[in-house]
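Enquirer: Let me give you the structure first, and then I'll get to my questions.
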DNA sequence: TTTGAGACTTAGGCTAGGCTAATGCCCTGT
DNA sequence: ACAGGGCATTAGCCTAGCCTAAGTCTCAAA
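Residue numbers (this note's numbering), protein chains in the order written: chain A, 1 to 242; chain B, 1001 to 1242.
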């Protein structure tokens, strides 16, 4: 006789709960991100974020509001119901735990984790996520500095200013990088602009020009407006303090 | 301003290659396992293994043979083409590396890894699998003793006998457990019947009765026919010789 | 040699999730 | 006050994958 067969492989569902599809999970995440500042998420914003056509969004919004995950005000936009918000936060927790795990435990670059996590978040079990979180010591922030929702579904809400909005003369801690573009992230890492670093704002050129900052180690960096808008900072009473 | 938005999240494909769907990947794996002993995989065997109705299989076989992944002889069955075999082995590598990683690095029980790997294998990138394999030191066998195909697509082929087929008086090494049922695996682990253990066949009851074996530590175990058929063994010239 | 059981395939339908084209709503600018 | 632009929705279509019901093939037993 030859080598043994592998197991029969019946399809494997995931959780109790209503069991969402990959697509639904993506839509919920989009709505969450788009409504985070309050207000409604519009059809076209969702469509753009998910790279689908607007009618696809309309159709999905109809289904999701029937299943009670979102509130749809026709021609206005949508918001998450508490149930939808819970599901969205669960996905975001998965995503950010995965990003953290891949960077800490498997040597991923912070620019590469997003794409990988984007696929895995739909396939991992709750159990696996909690094991990863445990192995990491229950991290509170992902590699980009974004807060990780708790297993209970709570997320830290902070008021952060972008570097572009911060007054010259202030000293800040770079808290979070609001981007997932690998090339930009790679560049930022090269420049030493990663979460946790302390920056003193030396100057800013007029007409949306670059901001000049000094790192703790004394080096200065010139940060263009496009990047400065992605660097979320928390003011500190530093030596140059305001 | 509030907390920063997460990135836009455009859908994320996986590899170069023709890009197979989850379903296709599952079908290819089934065909691989069913043809491993040579011959054709039949429609109904595939249907049973994947828990779908036979017509679904017929339909898929048609598509797969059009894309050149299988060879379909109507009313006879199917076999993998070299291309299909490559894809199947890639999936099996993913599956087995994942099982190994989950057990070694995240404390999973060998009975629980299958279901988790079954979902993840469709979502992981090649890169992630290779990082996991690397972190594990390029393992050659998964937790159940099944050989892991190499990244190049080669798999070890061994001729193993089940415990039920092995002659009384022989000494063998338990090489592989051909099962994925968590309850059975849990029981086997309790009994000390895990890959690598050495067993001496003391006796076997007639009429497909249980086999009695002695472990290295001297304990004896009574193994019923159902389980004995799942325990694949390699003979050794042990103290009790052949 | 024929026949019938059983396995396989074909026919026809369904859902999820996309798309384009056509239509409808809202609001701003004149 | 209303016309038009822009966004949202509806209509209608497509594919992947699944299903059941209805043929069709094969092969072994009579």
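Every residue, glycine too, gets a C-beta built ideally from N, C-alpha and C.
These numbers come from a predicted model, not from an experiment.
#1: Provide the residue(s) that pair with residue 1079 (chain B) in DSSP beta bridges, ordered along the chain.
#2: Taking the CB atoms as reference points, tell me whether residue 1040 (chain B) and residue 1076 (chain B) lie closer together than 7 angstroms.
#3: Does the Cβ of residue 197 (chain A) have 16 or more other Cβ atoms within 10 Å, making it buried, or fewer, making it exposed?
#4: Thinking C-beta only, is residue 163 (chain A) closer than 7 angstroms to residue 228 (chain A)?
#5: Run through the DSSP bridge pairs and tell me what residue 220 (chain A) is partnered with.
#6: List the DSSP bridge partners of residue 199 (chain A).
#7: Could you confirm whether any beta carbon from chain A is found closer than 7 angstroms to the beta carbon of residue 1133 (chain B)?
#8: With 16 other CB atoms within 10 Å as the buried threshold, where does residue 200 (chain A) fall?
#9: Go ahead and label residue 152 (chain A) buried or exposed: buried means 16 or more other beta carbons lie within 10 angstroms of its beta carbon, across all protein chains shown.
#10: Leaving out five residues before and five after residue 1216 (chain B) in sequence, what residues of the same chain have Cβ atoms less than 6 angstroms from its Cβ?
#11: Can you grab the Cα-Cα spacing for the pair residue 1179 (chain B) / residue 1025 (chain B), in whole Å?
#12: Scan the stretch 180-197 of chain A for residues whose Cβ lies nearer than 7 angstroms to a Cβ of chain B and list them as they occur along the chain.
#13: Give the residues of chain B in contact with residue 25 (chain A), contact being defined as C-beta atoms less than 9 angstroms apart.
#14: Just to confirm before moving on: does the CB-CB distance between residue 28 (chain A) and residue 45 (chain A) stay below 7 angstroms?
#15: Please report the straight-line C-alpha distance between residue 1113 (chain B) and residue 155 (chain A), rounded to a whole angstrom.
#16: For residue 1217 (chain B), go through chain A and note every residue whose CB falls closer than 8 angstroms to its CB, in chain order.
#17: Among B:1051, B:1031 and B:1087, whose alpha-carbon lies nearest the alpha-carbon of residue 1061 (chain B)?
#18: Between B:1071, B:1139, B:1069 and B:1109, which has its C-alpha nearest residue 1094 (chain B)'s C-alpha?
#19: Any Cβ of chain A within less than 7 angstroms of the Cβ of residue 1226 (chain B)?
#20: Which residues, in order along the stretch 100-120 of chain A, keep a beta-carbon less than 7 angstroms from a beta-carbon of chain B?
#21: Relative to the alpha-carbon of residue 202 (chain A), which residue among A:68, A:105, A:218 and A:145 has its alpha-carbon at the smallest distance?
#22: Would you list the residues sitting across from residue 236 (chain A) in a DSSP beta bridge?
#23: Mind reading off the beta-carbon distance from residue 89 (chain A) to residue 147 (chain A)? Whole number of angstroms is fine, and I expect it under 8 angstroms.
#24: Given a cut-off of 7 angstroms, decide if residue 1235 (chain B) and residue 1167 (chain B) are closer than it, judged by their beta-carbon atoms.
#25: Name, going along the chain, the residues of the stretch 52-66 of chain A whose beta-carbon falls closer than 9 angstroms to a beta-carbon of chain B.
#26: Quick one: using the 10 Å Cβ neighbour count with 16 as the cut-off for buried, is residue 1087 (chain B) buried or exposed?
#27: Tell me, which residues are paired with residue 1020 (chain B) by DSSP?
#28: Among the candidates A:137, A:81 and A:222, whose CA atom is the shortest distance from the CA of residue 105 (chain A)?
Expert: Reading it off the structure:
#1: Mapped onto the second chain, residue 1079 (chain B) falls at position 79. Its beta-bridge partners are B:1071.
#2: Here residue 1040 (chain B) corresponds to residue number 40 of the second chain, with the count starting at 1. Here residue 1076 (chain B) corresponds to residue number 76 of the second chain, with the count starting at 1. Cβ distance < 7 angstroms, so residue 1040 (chain B) and residue 1076 (chain B) count as in contact.
#3: Working through the first chain from its first residue, we reach residue 197 (chain A) at position 197. Classification for residue 197 (chain A): buried.
#4: In the first chain, the residue the question calls residue 228 (chain A) occupies position 228. In the first chain, the residue the question calls residue 163 (chain A) occupies position 163. Result yes, Cβ atoms of residue 228 (chain A) and residue 163 (chain A) sit closer than 7 angstroms.
#5: Walking along the first chain from the start, residue 220 (chain A) turns up at place 220. Note: residue 220 (chain A) sits in a beta bridge opposite A:214.
#6: By one-based count along the first chain, residue 199 (chain A) stands at place 199. The partner list for residue 199 (chain A) (beta bridge, DSSP) reads A:172 and A:215.
#7: Residue numbering aside, residue 1133 (chain B) sits at position 133 when the second chain is read from its first letter. Answer no: the Cβ-Cβ gap between residue 1133 (chain B) and chain A never drops below 7 angstroms.
#8: Locating residue 200 (chain A) in the first chain gives position 200, where the first residue counts as 1. Under this definition residue 200 (chain A) is a buried residue.
#9: Within the first chain, numbered from 1, the residue matching residue 152 (chain A) stands at position 152. So residue 152 (chain A) counts as exposed.
#10: The count along the second chain starts at 1 and reaches residue 1216 (chain B) at position 216. So the list reads 1198, once near-sequence residues are dropped.
#11: Here residue 1179 (chain B) is taken as the residue at index 179 of the second chain, counted from 1. Here residue 1025 (chain B) is taken as the residue at index 25 of the second chain, counted from 1. Computed Cα separation, rounded: 20 angstroms.
#12: Taking 7 angstroms as the Cβ-Cβ cut-off, the stretch 180-197 of chain A approaches chain B at 180, given in chain order.
#13: As a first step, residue 25 (chain A) must be located in the first chain, where it is residue number 25. Chain B residues near residue 25 (chain A): none, gap ~10 angstroms exceeds 9 angstroms.
#14: Here residue 28 (chain A) is taken as the residue at index 28 of the first chain, counted from 1. Here residue 45 (chain A) is taken as the residue at index 45 of the first chain, counted from 1. No.
#15: Position 113 of the second chain, counting from 1, holds the residue named residue 1113 (chain B). Position 155 of the first chain, counting from 1, holds the residue named residue 155 (chain A). Going by the C-alpha atoms only, they are around 30 angstroms apart.
#16: Position 217 of the second chain, counted from the first residue, corresponds to residue 1217 (chain B). Under the 8 angstroms cutoff, chain A gives no residues; its nearest Cβ is about 26 angstroms from residue 1217 (chain B).
#17: Along the second chain, one-based indexing puts residue 1061 (chain B) at 61. Measuring from the Cα of residue 1061 (chain B), the nearest candidate turns out to be B:1031.
#18: For this step, residue 1094 (chain B) is matched to residue 94 along the second chain. Ranking the options by Cα distance to residue 1094 (chain B), first place goes to B:1139.
#19: The count along the second chain starts at 1 and reaches residue 1226 (chain B) at position 226. No, because no Cβ of chain A sits closer than 7 angstroms to the Cβ of residue 1226 (chain B).
#20: 106, 107, 114, 115, 116, 118, 119 and 120
#21: Start at 1 with the first residue of the first chain, and residue 202 (chain A) comes out as number 202. Of A:68, A:105, A:218 and A:145, the residue nearest in Cα terms is A:218.
#22: To locate residue 236 (chain A), count along the first chain from 1; it is residue 236. Answer is A:171, bridged to residue 236 (chain A).
#23: As a working note, residue 89 (chain A) is residue 89 in the first chain. As a working note, residue 147 (chain A) is residue 147 in the first chain. Not really, about 11 angstroms apart at Cβ, beyond 8 angstroms.
#24: On the second chain, residue 1167 (chain B) is found 167 positions in, with the first residue counted as 1. On the second chain, residue 1235 (chain B) is found 235 positions in, with the first residue counted as 1. Contact: no.
#25: Listed by position, the residues of the stretch 52-66 of chain A near chain B (Cβ gap below 9 angstroms) are 52.
#26: Taking the second chain and counting its residues from 1, one reaches residue 1087 (chain B) at position 87. Buried, because 16 or more other Cβ atoms sit within 10 Å of the Cβ of residue 1087 (chain B).
#27: The sequence position of residue 1020 (chain B) within the second chain is 20, counting from 1. Per DSSP, none; premise fails for residue 1020 (chain B).
#28: In the first chain, counting from the first residue as 1, residue 105 (chain A) sits at position 105. Residue 105 (chain A) has its Cα closest to that of A:137, out of A:137, A:81 and A:222.
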